[in-house]
Each structure stands twice: as structure tokens, then as C-alpha cells.
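**Student:** The structure under discussion is supplied below as C-alpha cells; questions concerning it will follow.
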Amino acid sequence: MVRSQLYCPDSLDRTKLYLVLTVQKNYPHWKTRYDFLTKATTTPDRLKNTTLTHREKPQFDVLIVGSGGAGLSLALRLADHYTVGVLAKFALTECSTFYAQGGISAVLDDRHDSVESHVEDTLVAGAGLCNPDVVRLTAGKARENIEWLRQQGVHFTEFKDAEGHSQLHLNREGGHSHRRIVHSDDATGKAVALSLIERAQAHGNISLLENHNMVELITTDKLGHADKRICGAYVLDIATGNVKSIAAKIIVLATGGANKVYLYSTNPHISTGDGIALAWRAGCRVANMEFMQFHPTCLYHPSARSFLISEAVRGEGGRLILPNGERFMHRYDERMELAPRDIVARAIDNEIKTHGFDCVYLDISHKSREFIRQHFPTIYSQCLELDIDISQQPIPVVPAAHYTCGGVMTDINARTDIPGLYAIGEVACTGLHGANRMASNSLLECLVFAEQAHLDIVRQFDKLPPPPTLPQWDESQVTDSDEEVVIAHNWDELRRFMWDYVGIVRTSKRLERAMNRLLLLKDEITEYYGQFRITSDLLELRNLVIVAELIIRSAQQRKESRGLHFIKDYPEPCTDNPPQNTILIPERAGIAPTRV
1 MVRSQLYCPD
11 SLDRTKLYLV
21 LTVQKNYPHW
31 KTRYDFLTKA
41 TTTPDRLKNT
51 TLTHREKPQF
61 DVLIVGSGGA
71 GLSLALRLAD
81 HYTVGVLAKF
91 ALTECSTFYA
101 QGGISAVLDD
111 RHDSVESHVE
121 DTLVAGAGLC
131 NPDVVRLTAG
141 KARENIEWLR
151 QQGVHFTEFK
161 DAEGHSQLHL
171 NREGGHSHRR
181 IVHSDDATGK
191 AVALSLIERA
201 QAHGNISLLE
211 NHNMVELITT
221 DKLGHADKRI
231 CGAYVLDIAT
241 GNVKSIAAKI
251 IVLATGGANK
261 VYLYSTNPHI
271 STGDGIALAW
281 RAGCRVANME
291 FMQFHPTCLY
301 HPSARSFLIS
311 EAVRGEGGRL
321 ILPNGERFMH
331 RYDERMELAP
341 RDIVARAIDN
351 EIKTHGFDCV
361 YLDISHKSRE
371 FIRQHFPTIY
381 SQCLELDIDI
391 SQQPIPVVPA
401 AHYTCGGVMT
411 DINARTDIPG
421 LYAIGEVACT
431 GLHGANRMAS
441 NSLLECLVFA
451 EQAHLDIVRQ
461 FDKLPPPPTL
471 PQWDESQVTD
481 SDEEVVIAHN
491 WDELRRFMWD
501 YVGIVRTSKR
511 LERAMNRLLL
521 LKDEITEYYG
531 QFRITSDLLE
541 LRNLVIVAEL
551 IIRSAQQRKE
561 SRGLHFIKDY
571 PEPCTDNPPQ
581 NTILIPERAG
591 IAPTRV
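Read in the numbering used here, the sequence shown has 9 at position 9, and its numbers run on one by one without any break.
The structure is reproduced here in C-alpha cells:
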């Protein structure tokens, strides 16, 4: 079957990146971004699943796309009863979970905190768009999921109380009214990821496939069946360039966010919105894509452009200052450095643009060196390698794209609009975050909704028929590309105009400019995708163009400022009607989204 017939590729389709020029400059012997990622982030041998053999037509009970906290925690919950395949685009550790610093929000001490307080803080941060039922479910399940992680071998930072008993140390971060952030020093995500990977690689029912990139979801209606349910996927084996058809009763998207649509991001290179684009093309609704969170404090240094300075630094007393040493957050919010991320990011953005600064500074040097090294060992050592001694000098910081609050619409059981297709983690829009995610709620969401998906999959699995025979991928109508520079140019252009026009502060005119450029770019990418054999870079660019259009259309339709969406034309929230989610619906013959 020719792929254009199978997928009905829509107007929002086609292509993405070729090579990162900065990587090529610094590592000229690594010719492509794939070389860089595989050599720089290859999973250690001890963490690899060595039992997997490449089958011509692999089939799993459940196929999970993504190897982060959401995907692997679900795999481990399912594997005692089902065969589970886990796809990782590059190394298993190349996921947002691995790079998460702060921690996991959880109320563990009922004497000084409460689940209801956690709920209220989350609702306030979400600016009227959180689903209260989802918030209460998530906050209420936090403690049991922390215990589940400890059972998987995750070690969290502890301290001795007055009676000499070991207790989990709790940090405080922006938006939280109490200390409730469970953490593993300042590298919580790494501790979680490595423990889950080790557990997964040791389980006989889990197959871990590194260097595999999703091409397309396959639904039964595309194969001529009367019903529509998920039945498999086409997957690119990046190492060989071959496309496999993988059958599965159930597919779970756990692909993370889409923050690489912006020029500056704290995320790893895999964060290209793959799951959102895949679900959209398959016919799923997406919601609240205008709410892209920009982390206020990304390290400003040419050698570490994606290094995050954790929220916990401000939570432990870090002060934001201008180059002359003046504090400025009091002009924006009475909570100052502990205000929610959207307020802090806009404040920094405004100071930088108003005064023409390259960056502002985060100063924790009033704390002792011992305190800093104990609480922030990773940040301290990383900055020291760059000749920044944070115990003696402030840290240069700028905002950067950090988290996708919108995504594929799911219910409280992680189900999407297509039977058999689930979405968990950052790829999903569960209703937890609303218009703004509160710090350290994201890893918690991964765990809770992995559990919700697990419970629902157990309930639904036997009701679903086995997947039909899948057609092989057909490349008879395409050739090898002789113009791969087009991908590099389009990738760079897309990220630049998204940063300039659809960033922290927006205007109607900027959004219009962005859409005009995107429509031209989309046509070019569509033509390219239809002519040449796919590569991983092309697939990512194809997905990012879809995500960019969804973000722009969502932003254009929200005629107010709310949460992470700030537009100068409408600087205040609309109070005439209750807050509404922005829901985009794929049309049958195309993908022009509509607001409902």
C-alpha cells in the first residue's frame, strides 16, 4: 500500500531537521544529529535489554512509545501479564525525565501540609482551567506513587530528624505553599530514569527498542474495516533506515512534549511533539496548545544552552537580580521569586527586552558553599566547569521553552478518542495543569496516569480483538533525497519564527506573521515528504510543523491573557464567561482545526 493512500497525509504534514549546526561545528567528525545523540547519550551496556532480536513482523500486546518516567512505569506495571514493547527514539536515557532536576510534589507530612493545600495550589497556578477531579486524583495518589518508586530502587534525599530517624527531605518550589517536593539531590529525574531502566531491562516481558522513531499510527479504518481502533504502527529503525510494521492491541503514547519547536529550550533533542502530531493525524483532539511553559531560569552560556537551573534554587532563597545587583521581582508579584513560573518568566523577559540585557542573574551566593554543594551538587559542578562558582557569583539565566501544558486530550483513565490508544505524561492534556503547570507536578502526573492507564488496560484488554495483518511500508514511489539541506533550513526557520512571534509575550500581529510563514513552510515540507525516503530528521520536522500550527491556531483563538498565554492585545483574563479550554478537532478530509 502506498503511504499516501494509507495516511491521507493532511495539510499540516511533512518533515523536520537534518543536523544541528552547532553540533557539527563542535563535533565535525559527527556528521549528523543522529551520530551526536547515539555517541553522546548511548545507554550504558548494563542498562540495555540484550534479549531483543529484530523480528520481521514484531507484535506486542502493548506498544509504549517513549522511555521516560511515564512509559517505563507503565511498562513495569503491565509486564507481569502482557508482552510490552518500548520504543526509544535514541538512547533510553534521552528523555525529559532523565534531565529533570527538581523533584516530585507529594504531601507526606499531614501535620504541616495537606492534600487539599496541594490541590488548591495547583488550581491557583492553573488559572481556572484545571479539572478539579483530575487535580484531586493526582494529589491524592502522590504518596503511594513515591512509595512505588522507592520499591523500584529510587533513592531520595533523606535527613535525620530530632529523634535520629531518617525522613525524606522536602524542598519548596514556586507556587507551592509548603515544602512538599521529594527529590534526589538536584538530579531527581536521573535517579528515577536509571532505576526504571534497570528494572525494565531485567524483565523478560519487556522489549526495549532504542533508535526507533514512530512514523505513523495505524487504525483499522485505514485498512478497510468498518470500525476504528488502534492496531499497530509503522516504525523507522534509525540504524538501518528500514521501516517496520509493528502490531499491537494497545498503543500508549508517552513521547513527552514539543518544546523543540522553539529556538531555546531546556528539553533534550527528542522533544519534537511526535506523539501530539501522531495522534492528531490519526484523528484525536488536542487541547490547550497555546499554553507553552517557559522556564524562567535556563543557564545563559554558549557551552550549555539547555542546562536548567532548578526551581529549587529560588525555593531555597535564590534572588533574581539585574546586572547592577538590583532585585526586581517585587515589581511584578508579592511572592517575588516564589511566584509561579509564568509570572517569573514574563518578568525576566520584560527586564531583558526593556533594558537590552543579554540575561539576568540568579544569586544564591549568600548561602554557604557547604549548603549549595549539599543541595545543588549537579548545578554547582556543572557551573564550576564553566568557570562560574555559584557560591561566589550569580548565575546568568534566561527563560527557555520548558513544558507543553496542552496535548492529546485524554480522560481520567488516559484514554484518547481512539479505542486502544492511550496518552500519558507530557504528551497528554489530562486537565491537571490547566493554563500553567505548577513546579514538580509533571513527574507526579507521569506516575499517576501510568497507573490509571494500567488499570484501564487491564479492564479493556480482553474486550479488544487481536490486530489484523498489517501491510508493509511502501517506498516504491519515493527516492533518496539529494536536497537534505532543505530540512536543516526549514528546521532553523521554524524554530526562529516560533521564538520571535509565538513566545513568552505575543501579539495578534506576531501570530499572523507566524501563521503566514508556517503555511509557506508547510507546503515545502509536504512536497519534500511526498518525494523522498524518510529519515528521523524528516519525521521530526514533519511533526514539529503540525505542532507549530496547532500552537498558533490555539493562540489566535484565545482572545484573552490567561496563565502561560499572554497577548498584548488582550492583556487581562476574560471575565464575561467561565474559562474555556481550547479544543482543536481534526476534520475528516483535512486538518483545519476548529474551536468548540
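Beta carbons are placed, not taken as given, at the ideal position from N, Cα and C, and that holds for glycine.
(1) Express the C-alpha separation of residue 372 and residue 447 in angstroms, rounding to a whole number.
(2) For the candidate residues 441, 418, 356, 414, whose alpha-carbon lies nearest to that of residue 450?
(3) Unbroken beta strand (DSSP E) runs of length 3 or more, entirely within the stretch 74-98: which are they?
(4) Candidates 517, 486, 334: which alpha carbon is nearest residue 531's?
(5) Let me check one thing: in DSSP terms, what residues is residue 566 bridge-paired to?
(6) Nearest to residue 99 by alpha carbon, out of 392, 176, 440?
(7) Considering only residues of the same chain and omitting the five flanking positions on each side of residue 344, which have a CB-CB separation below 6 Å?
(8) Is it the case that the stretch 196-207 contacts the stretch 220-231, given that we only count it when at least three CB pairs across the two stretches are under 8 Å?
(9) Is the beta carbon of residue 92 less than 7 Å from the beta carbon of residue 84?
(10) When the Cα atoms are used, what is the spatial distance from residue 127 to residue 436?
(11) Find out if the Cβ-Cβ distance for the pair residue 251, residue 457 is shorter than 7 Å.
(12) What would DSSP say about residue 509, mapped onto helix, strand or coil?
(13) Rounded to whole angstroms, what's the CA-CA distance from residue 550 to residue 374? Just pull it up for me.
(14) When you compare only the Cα positions, how much space is there between residue 67 and residue 255?
(15) For residue 380, report the span of its alpha helix (DSSP H) as first-last.
(16) Could you check what DSSP says for residue 501 in three-state terms: helix, strand or coil?
(17) To the nearest angstrom, how far is it from the Cα of residue 253 to the Cα of residue 282?
(18) Would you grab the beta carbon distance between residue 429 and residue 287 for me? Rounded to a whole angstrom, and I think it's under 8 Å.
(19) Beta carbon of residue 289, beta carbon of residue 554: below 7 Å?
(20) How far does the beta strand (DSSP E) with residue 255 in it extend, from its first residue to its last?
(21) DSSP state of residue 294, grouped into three classes?
(22) In the structure shown, what three-state DSSP assignment does residue 402 receive?
(23) If you reduce the DSSP assignment to three classes, tell me which class residue 68 lands in.
(24) When DSSP labels each residue in this structure, what does residue 395 get in the three-state scheme?
(25) Any chance you could list the alpha helix (DSSP H) runs of at least 4 consecutive residues sitting entirely within the stretch 228-286, in chain order?
(26) Could you tell me which residues DSSP puts in a beta bridge with residue 461?
(27) Using CA atoms only, rank isn't needed, just tell me which of 142, 303, 81 is closest to residue 110.
(28) In angstroms with no decimal places, state the Cα-to-Cα distance between residue 326 and residue 320.
(29) What residues in its chain sit with their C-beta under 6 Å from that of residue 266, if we drop five residues either side in the sequence?
(30) In angstroms with no decimal places, state the Cα-to-Cα distance between residue 366 and residue 156.
(31) Under the assumption that residue 359 contacts residue 398 (Cβ atoms under 8 Å), give the Cβ distance between them as a whole number of angstroms.
(32) Under 7 Å between the Cβ atoms of residue 404 and residue 423?
(33) Between the C-alpha atoms of residue 540 and residue 146, what's the straight-line distance to the nearest angstrom?
**Tutor:** In this structure, then:
(1) Looking at the two C-alpha atoms, the distance is approximately 29 Å.
(2) Taking only the C-alpha atoms, the option nearest residue 450 is 414.
(3) 84-87, all fully within the stretch 74-98.
(4) The shortest C-alpha separation from residue 531 is found at 486.
(5) Looking at the DSSP output, residue 566 sits in no beta bridge, so it has no partner there.
(6) Of the residues 392, 176, 440, the one whose Cα lies closest to the Cα of residue 99 is 440.
(7) If you ignore the 5 residues before and after residue 344, its C-beta comes within less than 6 Å of the C-beta of 296, all in its own chain and listed in chain order.
(8) The count of Cβ pairs closer than 8 Å, one atom from the stretch 220-231 and one from the stretch 196-207, stays below three, leaving the stretches out of contact.
(9) With a cutoff of 7 Å on beta-carbon distance, residue 92 and residue 84 are scored as not near each other.
(10) Between the alpha carbons of residue 127 and residue 436 lies a distance of about 7 Å.
(11) No, these two residues do not count as a Cβ contact at 7 Å.
(12) Reduced to three states, the DSSP call for residue 509 is helix.
(13) C-alpha of residue 550 to C-alpha of residue 374: approximately 43 Å in a straight line.
(14) Straight-line Cα distance between these residues: approximately 8 Å.
(15) Looking at the DSSP string, the run of the alpha helix (DSSP H) that includes residue 380 is 377-385.
(16) In the structure shown, residue 501 adopts helical secondary structure according to DSSP, grouped into three states.
(17) Cα-Cα distance, rounded: 12 Å.
(18) Right, their Cβ atoms sit about 4 Å apart.
(19) Yes, Cβ-Cβ distance for residue 289 and residue 554 is below 7 Å.
(20) Here residue 255 belongs to no beta strand (DSSP E), and DSSP marks it neither H nor E.
(21) For residue 294, the three-state secondary structure derived from DSSP is strand.
(22) Residue 402: strand per DSSP, three-state reduction.
(23) In the three-state reduction of the DSSP assignment, residue 68 falls in the coil class, being assigned neither a helical nor a strand state.
(24) Shown here, residue 395 sits in a strand according to DSSP, grouped into three states.
(25) DSSP runs (the alpha helix (DSSP H)) wholly in the stretch 228-286: 274-282.
(26) Residue 461 is not bridged to any residue.
(27) Among 142, 303, 81, the Cα nearest to that of residue 110 belongs to 142.
(28) Here the C-alpha atom of residue 326 lies approximately 8 Å from the C-alpha atom of residue 320.
(29) So the list reads 295, 298, 306, 308, 400, 402, once near-sequence residues are dropped.
(30) Each residue's alpha carbon lies about 26 Å from the other.
(31) Rounded to the nearest angstrom, the Cβ distance from residue 359 to residue 398 is 5 Å, consistent with a contact under 8 Å.
(32) No, the pair does not count as a contact, with Cβ atoms beyond the cut-off.
(33) Each residue's Cα considered, the two are about 34 Å apart.
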